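Comments concern the structure below.
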Amino acid sequence: MFEWLQLAGLRFLAAAGEAEAARLRTSLFAAGFFSAIALVAVGSSASLISALAPGVVAVGLGVAVLQGATDLYFLAVRLSDRLGTASILMAVRATALLAGAVTGALVAGTAQATLLGIAAGHAAVLLVGVIAHRAPLQAVSLRTMLAHWAEFCRYGMLAAGASVIHLSVPVMLRFIVISRLGATGAGAGFSIALDLLQRPFWVLNAAIHTVSYPDVVRDFEHGSDAKARRSTGQMFDFMICATIVLLGGLIGFIPDAGRILLPQPSLDGFLATAPIVALFCFLHTHLQATLAVVPHLEKLAPRLVAVAAGQLVIVVTGSAIASATGVSPTGTVACASAVTALAILLALGPTIRFHAILRWGLTIEAAVAGILIGSLAVLPSLPPAWLAGKLALAATATALVAWRGDFLMLARRD
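Mind the numbering: the sequence shown is residues 258 to 671 in the numbering used here, read in order.
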């Protein structure tokens with residue numbers, strides 16, 4: 258109900274001048290208000306055939322509305338050239354949500370109390386955000402607002418649809434593998450691997466987009482072609498190099514984390530599938546995020562849907578065939594990775610035509626660092642001094658790549 262507005266707001270607000278941005282924010286918040294009404298109406302209707310308690314449903318819908326409103330407002334703050342303020346607010350929100358959820362769970366020990374704590378966290382941070390930065394608004398006529406909404410719908414809804422389809426890919430992959438493994442320790446280990454290893458790539462991608470994408474849009478709309486290609490290439494460098502190093506880190510250290518945190522029945526399934534699951538998440542992230550940058554800039558939302566739907570079809574088909582023919586879960590995920598790599602090759606057209614300038618030498622250095630960090634998986638983690646040494650080596654390699662790429666300064670305007 259809110260993602261289409263976030264995607265549309267990110268694309269249109271970043272390119273707008275001050276006065277136009279104020280009008281767009283008014284239309285965006287008004288659309289968010291009606292989306293909240295639609296969310297409550299749909300959710301309330303769906304709850305009539307649900308076994309959930311009415312109180313849980315009501316609080317859950319409240320959490321969803323508050324989360325959507327907070328996301329929209331923080332987006333407006335970030336796109337007002339207040340990256341530092343937005344970053345602090347996001348960190349405060351994460352802390353408030355954790356504190357609210359834990360407090361609610363400890364006080365009452367119920368799902369409803371936990372959700373109330375989360376709702377309180379969202380509401381408190383939204384209030385703090387409004388106090389910290391008043392996003393300028395400007396009254397608009399109904400005709401102008403409807404025109405804005407039409408633009409938001411044409412681009413935002415298709416882009417959000419593509420995002421939902423992409424999210425369905427790992428869900429279907431889990432369904433296919435777990436349907437074969439059943440309720441076993443191996444199935445639990447695979448499920449844990451898929452849950453854990455998606456999240457770091459998603460968080461890193463979101464952080465890079467928060468820092469870089471608004472400036473990329475601004476340069477695309479108002480700068481020269483050379484400047485747009487240069488800033489887009491810098492964003493590609495950041496995304497590719499950071500995720501390569503992250504992939505190496507996951508392969509190198511997830512086995513240690515698994516041995517420390519997971520129960521023995523799930524451990525073998527986790528260790529067997531985690532490396533190939535990490536590779537799948539790496540490829541899936543770049544198909545969903547990196548290769549979508551240029552189509553987003555050019556507002557080619559139908560292409561985003563076509564690419565997402567194509568990946569879903571070939572991953573489901575390939576994985577189902579592999580699983581049905583007796584291929585192991587590792588082999589099934591490897592098949593999903595291979596067809597995702599094929600989808601990446603087929604979707605490269607707009608990115609190649611855009612001619613974004615990449616630093617291939619830096620990408621090779623990041624790959625070497627990722628391989629080095631990943632190879633640490635073969636070294637023992639006991640005694641603790643060995644683990645500390647591995648962490649120090651991985652941190653050094655990561656810092657060198659960040660320094661060579663000047664990634665920590667990408668938020669600075671030219």
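Glycine residues also receive a C-beta, built at the ideal position from the N, C-alpha and C atoms.
Keep in mind it's a predicted model, so treat the numbers as computed, not measured.
Which of helix, strand or coil does DSSP assign to R431?
Looking up residue 431 in the sequence shown gives position 174. Helix, per DSSP.
Go through the segment 316-401 residue by residue and report every complete run of the alpha helix (DSSP H) that reaches 4 residues or more, in order.
340-365, 368-389
Taking the C-alpha atoms as reference points, what is the distance between P586 and L305?
Looking up residue 586 in the sequence shown gives position 329. Looking up residue 305 in the sequence shown gives position 48. Cα to Cα, the separation comes out at about 38 Å.
If I follow the unbroken alpha helix (DSSP H) through Q521, where does it start and stop?
Here the question's residue 521 lines up with position 264 in the sequence shown. Residue range 521-542 is occupied by the alpha helix (DSSP H) that includes Q521.
Grab me the residues of G627's own chain with a C-beta within less than 7 Å of its C-beta, minus the 5 sequence neighbours each way, in chain order.
Mapped onto the sequence shown, residue 627 falls at position 370. Around G627: I501, V502, L504, G505.
Shortest alpha-carbon distance to L384 belongs to which of L355, M347, V397, A362?
Here residue 384 refers to the residue found at position 127 when the sequence shown is read from its first residue. Of L355, M347, V397, A362, the residue nearest in Cα terms is M347.
Are the beta-carbon atoms of A279 and L394 separated by less than 9 Å?
Numbered from 1 along the sequence shown, position 22 holds the residue referred to as residue 279. Numbered from 1 along the sequence shown, position 137 holds the residue referred to as residue 394. In contact: A279 and L394 (Cβ atoms closer than 9 Å).
Nearest-angstrom Cα distance between A321 and A380?
Taking the first residue of the sequence shown as position 1, residue 321 is located at position 64. Taking the first residue of the sequence shown as position 1, residue 380 is located at position 123. Straight-line Cα distance between these residues: approximately 11 Å.
Figure out for me which residue from T441, E478, G366, L318 has the closest Cα to the Cα of S302.
Position 45 of the sequence shown, counted from the start, is the residue given in the question as residue 302. Cα-wise, what sits closest to S302 is L318.
Determine the contact status of L453 and G444, defining contact as a CB-CB distance below 9 Å.
Numbered from 1 along the sequence shown, position 196 holds the residue referred to as residue 453. Numbered from 1 along the sequence shown, position 187 holds the residue referred to as residue 444. No, the pair does not count as a contact, with Cβ atoms beyond the cut-off.
What's the gap between the Cα of D482 and the Cα of H466?
Here residue 482 refers to the residue found at position 225 of the sequence shown. Here residue 466 refers to the residue found at position 209 of the sequence shown. Computed Cα separation, rounded: 20 Å.
Within the chosen definition, does the segment 533-551 reach the segment 456-470 through at least 3 CB pairs nearer than 8 Å?
Note that the segment 533-551 touches the segment 456-470; at least 3 beta-carbon pairs, one per stretch, sit closer than 8 Å.
Cα-Cα, which of V428, A535, V551 is closest to A604?
Counting from 1 along the sequence shown, the entry for residue 604 is found at position 347. Nearest of V428, A535, V551 to A604, Cα basis: V551.
Given a threshold of 16 other Cβ atoms within 10 Å of its Cβ, counted over all protein chains shown, does S638 qualify as buried or as exposed?
Mapped onto the sequence shown, residue 638 falls at position 381. Buried.
Work out the CA separation of A651 and P520 for me, nearest whole Å.
One-based indexing of the sequence shown puts residue 520 at position 263. One-based indexing of the sequence shown puts residue 651 at position 394. Whole-angstrom Cα-Cα distance: 26 Å.
R670: buried (16+ other C-beta within 10 angstroms of its C-beta) or exposed?
To locate residue 670, count along the sequence shown from 1; it is residue 413. Only weak support exists for where R670 lies, its pLDDT of 44 falling under 50; the value from the coordinates is given anyway. When all chains shown are included, R670 counts as exposed.
For D482, report the span of its alpha helix (DSSP H) as first-last.
On the sequence shown, position 225 is the one that residue 482 refers to. It spans 482-518 - the alpha helix (DSSP H) in which D482 sits, taken as one unbroken run.
Which two residues bound the contiguous alpha helix (DSSP H) that contains K556?
As a first step, residue 556 is located in the sequence shown; it is residue number 299 there, counting from the start. No alpha helix (DSSP H) contains K556, which DSSP labels as neither H nor E.
Among G386, H541, D476, A417, which one has its Cα closest to the Cα of R560?
As a working mapping, residue 560 is identified with position 303 in the sequence shown. Of the candidates G386, H541, D476, A417, the residue whose Cα lies closest to the Cα of R560 is A417.
Where do the ends of the alpha helix (DSSP H) carrying I614 lie?
Here residue 614 refers to the residue found at position 357 when the sequence shown is read from its first residue. Note, I614: premise wrong, no alpha helix (DSSP H); not H, not E.
Look at the alpha carbon of G378 and the alpha carbon of R350, and state the distance between them as a whole number of angstroms.
Numbered from its first residue, the sequence shown carries residue 378 at position 121. Numbered from its first residue, the sequence shown carries residue 350 at position 93. Within the model, the alpha-carbon separation for G378 versus R350 is close to 7 Å.
For the alpha helix (DSSP H) that contains Q455, what are its first and last residues?
If you number the sequence shown from 1, residue 455 lands on position 198. For Q455, the enclosing alpha helix (DSSP H) has its first and last residue at 442-479.
How is L605 classed by DSSP in three states: helix, strand or coil?
As a working note, residue 605 is residue 348 in the sequence shown. DSSP places L605 in coil when its eight states are reduced to three.
Whole angstroms are fine: how far does the CA of F331 sit from the CA of G386?
Position 129 of the sequence shown, counting from 1, holds the residue named residue 386. Position 74 of the sequence shown, counting from 1, holds the residue named residue 331. Per the coordinates, the alpha-carbon of G386 lies some 7 Å from the alpha-carbon of F331.
Is the segment 653-660 in contact with the segment 616-636, if contact means three or more CB pairs nearer than 8 Å?
yes
For V334, which residues from the same chain have a beta carbon less than 7 Å from its beta carbon, with the 5 sequence-adjacent residues on both sides left out?
Looking up residue 334 in the sequence shown gives position 77. These residues qualify, in order along the chain: T342, A343, L346, G386, H390, A392.
Just verifying my parser: in three-state terms, what is the DSSP assignment at F208?
In the structure as shown, the chain begins at 258 and stops at 671. Residue 208 is therefore absent and cannot be evaluated.
With distances taken between CB atoms, is the gap from G490 to L615 smaller than 9 Å?
As a first step, residue 490 is located in the sequence shown; it is residue number 233 there, counting from the start. As a first step, residue 615 is located in the sequence shown; it is residue number 358 there, counting from the start. In contact: G490 and L615 (Cβ atoms closer than 9 Å).
Figure out for me which residue from A642, I571, H553 has the closest Cα to the Cα of F611.
Residue numbering aside, residue 611 sits at position 354 when the sequence shown is read from its first letter. It is H553.
Which two residues bound the contiguous alpha helix (DSSP H) that contains F259?
As a first step, residue 259 is located in the sequence shown; it is residue number 2 there, counting from the start. Segment: none, F259 is in no alpha helix (DSSP H) and carries neither H nor E.
Return yes when the Cβ of L430 is within less than 9 Å of the Cβ of V572, no when it is not.
Working through the sequence shown from its first residue, we reach residue 572 at position 315. Working through the sequence shown from its first residue, we reach residue 430 at position 173. A contact, by the Cβ cut-off of 9 Å.
Would you tell me roughly how many angstroms separate the C-alpha atoms of V316 and L373, rounded to the nearest one?
The residue you call residue 316 lines up with position 59 of the sequence shown. The residue you call residue 373 lines up with position 116 of the sequence shown. When rounded, the distance between both Cα atoms is 6 Å.
Say whether chain D places a C-beta atom closer than 9 Å to the C-beta of P457.
Absent from the structure: chain D. Only one protein chain is present.
So, with DSSP's three-state summary, where would you put L644?
The count along the sequence shown starts at 1 and reaches residue 644 at position 387. Correct three-state label for L644: helix.
Drop a sphere of 10 angstroms on the beta-carbon of G606, count the other beta-carbons inside from all chains shown, and report buried for 16 or more, exposed for fewer.
The residue you call residue 606 lines up with position 349 of the sequence shown. G606 should be labelled exposed.
Tell me which residues share the same chain as A591 and place their Cβ nearer than 7 Å to its Cβ, disregarding the 5 neighbours each side in the sequence.
On the sequence shown, residue 591 is found 334 positions in, with the first residue counted as 1. Only I533 meet the Cβ criterion.
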